[in-house]
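Novice:
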Amino acid sequence: MPERVVVVGHSAITCLGRDMDATWQGLMECRSGLKSHEKLSPDRYLRDVAGLVEGYDPGTPTEEALVSRLEAKSIHMAIAAARMALADAGLDRIQASDDYDPHRVAVCVGSAFGGQDLLQLELDRSSRRKTNSVGPYLVPGMIINQASGQIAQHFNAYGPSVSPANACAAGGHSVAMAAMHLVAGEADFAICGGTESAFTPSIVNGFATMKALANRKEGDRAHTDPSQASRPFSADRMGFVMSEGAALLVLATESAARKWGLPVQAELIGWGTNSDGYHVTTPHHDRIAYLLKNTLSRAKLSPSQVDYYNAHGTSTVVLDRLETEVLKEVLGQRAREIPVSSIKGAIGHALGAASAIEAAVCVHSLMEQRVPPTINHVPDPELDLDFVPNHSRPANLEVVVSASFGFGGTNNVLIFKRGDQ
Amino acid sequence: MNDQSLQAELIDSVRAIARIPSDIAIASDSRLVEDLGIDSLDLVSIVLNTQERYGIAIDEDEVARMHSVADLVTYVSRHLNAAAA
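Protein sequences appear in the order of chains A and B. For what it's worth, the working numbering labels the leading residue of the first sequence as 1, then goes sequentially. For what it's worth, the working numbering labels the leading residue of the second sequence as 1001, then goes sequentially.
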């Protein structure tokens, strides 16, 4: 009988707040963390609306001193998120115990872009030098696995480590990989999730020119109120809004959690990943439906047991429609009975961190027995599910499902069950 | 700029870049690696910062020959004087 995998701690850093509580409070109050930013000036950026995290900026007093040489914001946020998640789990208290084995702690932190912000910074610096040299911390700060590496270094985690770079599904993939390490008997604990800060002109403008990002056209409601630019499942949705952030879960085998007396916040009862094998960016209905069906089946769940679906819901025309159709196909009537919401209306799309943030929110939803809303929602007659429009609400939650899909045709589904907290 | 103020500036930047605590004294004859414990990556960061700040080019091979603060000061001073001449 394989070990059960439980969540003993979680954290999130988003444009709504510097920690999980502030993020949750913002979601419950239906606030948006998205606005127009002067930093995204029109002479370099094609979009100025974004969800930027206040603080954790390298080279400023808000940076994480432990990693000050590595000027990639994703690493700074990952360190802060790790500290908060470990404290939430109480793991920081037991690390000094004689029979606590750091070789049994895995780290799996993913990102879509890693330290691309540092690359931009170094290119700007290099252009001012008389040689072609770049800073010696560019390469170690840019590689996607450095967030995992720094967490391992500063929080004494010497077990297995992987850092999925699966685009906008990276964080969820990391959680799935961590769970696999636990059930394989390779670790007792895993620090897992995602981190992202990719605000460089090339990346923002690249998303904009491929028509993935929302735009503030005259006459549109976001023209005067940028906080309404992200509007998942709405009739007038027109693309996602880029944001940044980080979120980590601390997973444990059930026996490790019991041994150390750690509270079980939720149980991770299902996880799955697959590939579309179809297109560079366009998602594939059948593949996503297969994954959702298969992950439910492997968790021995019927659609009637799902109480909430936390959507990828990016606010793009194609994906929101596809996800709605997949839900109707796989869950049948149950799709119309349960709340389905996307927090990207409030916090935008944090790319490789998004699915980790959503996983943390799912854990929090189970603990609080409340579901976050889809804000800025205006009904679309074609999309006829209960999207929890514009108001959070209490709910009886035993099982919640979160799904994420990334460019390159990569998908994941995570299923959480209520814990004993 | 005289060598003394140049040395003071360079000591400040060595301290900042290599995160050397204020209770550790840095003098002209302080050896960068042996006395101050600066690793190879921070050493390159110091050299790059110096290039940028003083508008000079430093040959990568020269870095290996900079053992002390005085070596760094001498190198920068020589290049600044050459540029001014």
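Cβ coordinates follow ideal geometry from the N, Cα and C atoms, glycine included.
Can you grab the Cα-Cα spacing for the pair A/Pro42 / A/Ser36, in whole Å?
Specialist: What you label residue 42 of chain A is simply residue 42 of the first sequence in a count that begins at 1. What you label residue 36 of chain A is simply residue 36 of the first sequence in a count that begins at 1. So the alpha carbons of these two residues sit roughly 11 Å apart.
Novice: What separation, rounded to the nearest whole angstrom, lies between the Cα atoms of A/Gln228 and A/Glu358?
Specialist: Here residue 228 of chain A refers to the residue found at position 228 when the first sequence is read from its first residue. Here residue 358 of chain A refers to the residue found at position 358 when the first sequence is read from its first residue. Looking at the two C-alpha atoms, the distance is approximately 20 Å.
Novice: Taking the beta carbon of A/Lys39 as the centre, do at least 16 other beta carbons fall within 10 Å, making it buried, or is it exposed?
Specialist: The sequence position of residue 39 of chain A within the first sequence is 39, counting from 1. Exposed is the call here.
Novice: Would you say A/Pro61 faces chain B, with C-beta separation under 9 Å as the test?
Specialist: Position 61 of the first sequence, counting from 1, holds the residue named residue 61 of chain A. No, A/Pro61 does not count as interfacial toward chain B.
Novice: Between which residues of its own chain and A/His173 is the CB-CB distance below 7 Å, once the five residues before and five after are set aside?
Specialist: Here the question's residue 173 of chain A lines up with position 173 in the first sequence. If we look at A/His173 and ignore the five residues flanking it on each side, its Cβ neighbours are Gly110, Pro164, Asn166, Thr273 and Asn412.
Novice: By DSSP, does A/Cys108 sit in helix, in strand, or in coil?
Specialist: Mapped onto the first sequence, residue 108 of chain A falls at position 108. If DSSP states are grouped into helix, strand and coil, A/Cys108 belongs with the strands.
Novice: With a threshold of 9 Å between beta carbons, is B/Leu1041 in contact with chain A?
Specialist: Locating residue 1041 of chain B in the second sequence gives position 41, counting from the first residue. Taking Cβ atoms only, chain A reaches closer than 9 Å to B/Leu1041, which makes this a yes.
Novice: For the beta strand (DSSP E) that contains A/Leu301, what are its first and last residues?
Specialist: For the purposes of this step, residue 301 of chain A is taken as the residue at position 301 of the first sequence. Unbroken run through A/Leu301: none, as it is neither H nor E.
Novice: Using a cut-off of 8 Å between C-beta atoms, extract the partners of B/Glu1052 located in chain A.
Specialist: Looking up residue 1052 of chain B in the second sequence gives position 52. In chain order: Arg125, Arg128 and Arg129.
Novice: Taking Cβ positions, are A/Ala356 and A/Val175 nearer each other than 9 Å?
Specialist: As a working note, residue 356 of chain A is residue 356 in the first sequence. As a working note, residue 175 of chain A is residue 175 in the first sequence. Yes, these two residues count as a Cβ contact at 9 Å.
Novice: Under 9 Å, CB to CB, which of the residues in the region 133-150 of chain A have a partner in chain B?
Specialist: From the region 133-150 of chain A, only Ser133, Val134, Gly135, Pro136, Tyr137 and Pro140 have a Cβ closer than 9 Å to chain B.
Novice: Who are the neighbours of B/Gly1055 on chain A, taking C-beta pairs under 8 Å?
Specialist: Translated into the one-based positions of the second sequence, residue 1055 of chain B becomes position 55. Simply Lys130.
Novice: Any beta-carbon of chain A closer than 9 Å to the one on B/Arg1031?
Specialist: Residue numbering aside, residue 1031 of chain B sits at position 31 when the second sequence is read from its first letter. No - not a single Cβ of chain A is within 9 Å of the one on B/Arg1031.
Novice: Buried or exposed: where does A/Gly332 fall if 16 or more other Cβ atoms within 10 Å of its Cβ makes it buried?
Specialist: Reading the first sequence from its first residue, position 332 is the one you call residue 332 of chain A. By the neighbour-count rule (16 or more Cβ atoms within 10 Å), A/Gly332 is not buried but exposed.
Novice: So, for A/Glu186: in the same chain, excluding its five sequence neighbours on each side, which residues have a beta-carbon less than 6 Å away from its beta-carbon?
Specialist: By 1-based counting over the first sequence, the position of residue 186 of chain A is 186. Here the set comprises Pro160.
Novice: Could you tell me the distance, in whole angstroms, from the CA atom of A/Glu323 to the CA atom of A/Gly59?
Specialist: The residue given as residue 323 of chain A occupies position 323 in the first sequence. The residue given as residue 59 of chain A occupies position 59 in the first sequence. Whole-angstrom Cα-Cα distance: 40 Å.
Novice: Can you find a CB in chain A that lies within less than 9 Å of the CB of B/Val1076?
Specialist: Here the question's residue 1076 of chain B lines up with position 76 in the second sequence. Answer no: the Cβ-Cβ gap between B/Val1076 and chain A never drops below 9 Å.
Novice: Can you look up A/Lys417 in the DSSP assignment and give me helix, strand or coil?
Specialist: Along the first sequence, one-based indexing puts residue 417 of chain A at 417. Strand at A/Lys417.
Novice: Buried or exposed: where does A/Gln116 fall if 16 or more other Cβ atoms within 10 Å of its Cβ makes it buried?
Specialist: Position 116 of the first sequence, counted from the first residue, corresponds to residue 116 of chain A. Classification of A/Gln116: buried, given that the 10 Å Cβ count is 16 or more.
Novice: Please confirm if A/Ser197 has its CB atom under 9 Å from at least one CB of chain B.
Specialist: The residue given as residue 197 of chain A occupies position 197 in the first sequence. False, the Cβ-Cβ gap to chain B never drops below 9 Å.
Novice: Is the CB-CB distance between A/Ala346 and A/Ser127 below 9 Å?
Specialist: In the first sequence, residue 346 of chain A corresponds to position 346, counting from 1. In the first sequence, residue 127 of chain A corresponds to position 127, counting from 1. No, the pair does not count as a contact, with Cβ atoms beyond the cut-off.
Novice: Going by the beta-carbon positions, is the gap between A/Ala214 and A/Gly239 smaller than 9 Å?
Specialist: As a position in the first sequence, residue 214 of chain A is number 214, starting the count at 1. As a position in the first sequence, residue 239 of chain A is number 239, starting the count at 1. Yes; because the gap between Cβ atoms is below 9 Å, this pair is in contact.
Novice: Give me, in chain order, the residues of the same chain whose beta-carbon lies closer than 7 Å to that of B/Ala1057; leave out the 5 immediate sequence neighbours on both sides.
Specialist: Locating residue 1057 of chain B in the second sequence gives position 57, counting from the first residue. Excluding residues within five positions, the ones whose Cβ falls inside 7 Å are Gln1051.
Novice: State the DSSP-derived secondary structure class of A/Phe207, mapped to helix, strand or coil.
Specialist: By one-based count along the first sequence, residue 207 of chain A stands at place 207. Of the three classes helix, strand and coil, the one that applies to A/Phe207 here is helix, per DSSP.
Novice: Taking a contact to mean a Cβ-Cβ separation below 9 Å, would you say A/Ala112 touches A/Val241 in this structure?
Specialist: Locating residue 112 of chain A in the first sequence gives position 112, where the first residue counts as 1. Locating residue 241 of chain A in the first sequence gives position 241, where the first residue counts as 1. Their beta carbons are not under 9 Å apart, which means A/Ala112 does not touch A/Val241 by this criterion.
Novice: What separation, rounded to the nearest whole angstrom, lies between the Cα atoms of A/Ala350 and A/Ala169?
Specialist: The residue labelled residue 350 of chain A in the question sits at position 350 within the first sequence. The residue labelled residue 169 of chain A in the question sits at position 169 within the first sequence. Looking at the two C-alpha atoms, the distance is approximately 10 Å.
Novice: Three-state secondary structure (DSSP) at B/Ile1020?
Specialist: Here residue 1020 of chain B is taken as the residue at index 20 of the second sequence, counted from 1. Coil.
Novice: Going by DSSP in three states, A/Trp260 sits in which element: helix, strand or coil?
Specialist: Taking the first residue of the first sequence as position 1, residue 260 of chain A is located at position 260. In the structure shown, A/Trp260 sits in coil (DSSP, three-state: anything other than H, G, I, E or B).
Novice: Spatial neighbours of A/Asn390 within its chain, please: CB distance less than 7 Å, with the 5 preceding and 5 following residues excluded, ordered by chain position.
Specialist: Residue 390 of chain A sits at position 390 when you count from the first residue of the first sequence. Closer than 7 Å at Cβ, skipping near neighbours: Cys30, Pro373, Ile375 and His377.
Novice: If you scan the region 299-384 of chain A from start to end, which runs of the alpha helix (DSSP H) of 4 or more residues do you find wholly inside it?
Specialist: If we require 4 residues or more, the alpha helix (DSSP H) runs fully inside the region 299-384 of chain A come out as 317-331, 334-337, 344-347 and 354-368.
Novice: To the nearest angstrom, how far is it from the Cα of A/Ala395 to the Cα of A/Val8?
Specialist: In the first sequence, the residue the question calls residue 395 of chain A occupies position 395. In the first sequence, the residue the question calls residue 8 of chain A occupies position 8. Roughly 22 Å between the two C-alpha positions.
Novice: Three or more C-beta pairs closer than 8 Å, one from the region 135-148 of chain A and one from the region 325-344 of chain A: is that the case here?
Specialist: Because the criterion of three Cβ pairs below 8 Å is not met, the region 135-148 of chain A and the region 325-344 of chain A do not touch.
Novice: Report yes if the CB atom of A/Asn156 is closer than 9 Å to the CB atom of A/Val204, and no otherwise.
Specialist: The residue given as residue 156 of chain A occupies position 156 in the first sequence. The residue given as residue 204 of chain A occupies position 204 in the first sequence. Cβ distance not < 9 Å, so A/Asn156 and A/Val204 don't count as in contact.
Novice: So, at 6 Å on beta carbons, what are the nonlocal neighbours of A/Val6 in its own chain, with the 5 sequence-adjacent residues on each side left out?
Specialist: For the purposes of this step, residue 6 of chain A is taken as residue 6 along the first sequence, with counting starting at 1. Once the five neighbours on either side are set aside, the close Cβ partners of A/Val6 are Ala252, Glu254, Ala257, Val264 and Glu267.
Novice: Roughly how many angstroms separate the alpha carbons of A/Cys108 and B/Gln1004, rounded to a whole number?
Specialist: Counting from one through the first sequence, the residue named residue 108 of chain A turns up at place 108. Counting from one through the second sequence, the residue named residue 1004 of chain B turns up at place 4. Straight-line Cα distance between these residues: approximately 50 Å.
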